[in-house]
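**Q** So the working numbering is basically just the index in the sequence shown, starting at one, shifted up by 33. Note that beta-carbon positions come from the ideal geometry of N, C-alpha and C, so glycine has one too.
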Amino acid sequence: MVSTSTFASRVKAMVQFNLSNASQTEAMIPFTVVAPESYAGLFVRFVHPKNGKSAVAKVVDKKGDRYITNPEVAQAIGINQSLAPVFIEAVY
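1. Does the Cβ-Cβ distance between Ala-88 and Phe-79 come in under 8 Å?
2. Any chance you could list the beta strand (DSSP E) runs of at least 3 consecutive residues sitting entirely within the segment 44–100, in chain order?
3. Quick check: Glu-127 and Lys-95, are their CB atoms within less than 8 Å of each other?
4. Hey, how far is the Cα of Phe-40 from the Cα of Ser-53?
5. Kindly indicate which residue of Ser-42, Tyr-125, Val-44 and Phe-120 has the alpha-carbon position closest to the one of Lys-83.
6. Just confirm the distance between the C-beta atoms of Phe-64 and Val-106, as a whole number of angstroms; I'd bet it's less than 8 Å.
7. Does the distance from the C-beta atom of Gln-110 to that of Asn-51 stay below 8 Å?
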């Protein structure tokens, strides 16, 4: 018997858009994210649930159980709040 597990390619999660990007790499990597400890990807694609606009952020740390990213990500995909539900896609 072969056992396989599958994961959803897209999940909806609450995201905080208030991460301060004080790193030196800001010019090279404009969008960064602190992802949950259980997240396996190297990057995260944030997708607006209604207009479909998306932005990709590099994972710079993993802690807790919430996604925290730059306010510029929210602006890029058309979110006008500091906490909003968006679709999350793992990028490897």
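**A** The short version:
1. Against a cut-off of 8 Å, the Cβ pair of Phe-79 and Ala-88 comes out as a contact.
2. Counting only runs of 3 or more, we get 44–49, 65–68, 76–80 and 87–95.
3. Nothing in the structure corresponds to residue 127, since the chain is present only between 34 and 125.
4. Unreliable positioning characterises Phe-40 in this predicted model, as indicated by a pLDDT of 48, which lies under 50. The coordinate reading is nonetheless provided below. Taken atom to atom, the span from the alpha-carbon of Phe-40 to that of Ser-53 is near 30 Å.
5. Answer by Cα proximity: Phe-120.
6. With a beta-carbon spacing of about 5 Å, Phe-64 and Val-106 fall inside the 8 Å limit used to define contacts.
7. The residue you asked about is not Gln; residue 110 is Ile in the sequence shown. Between Ile-110 and Asn-51, the gap from beta carbon to beta carbon reaches 8 Å or more.
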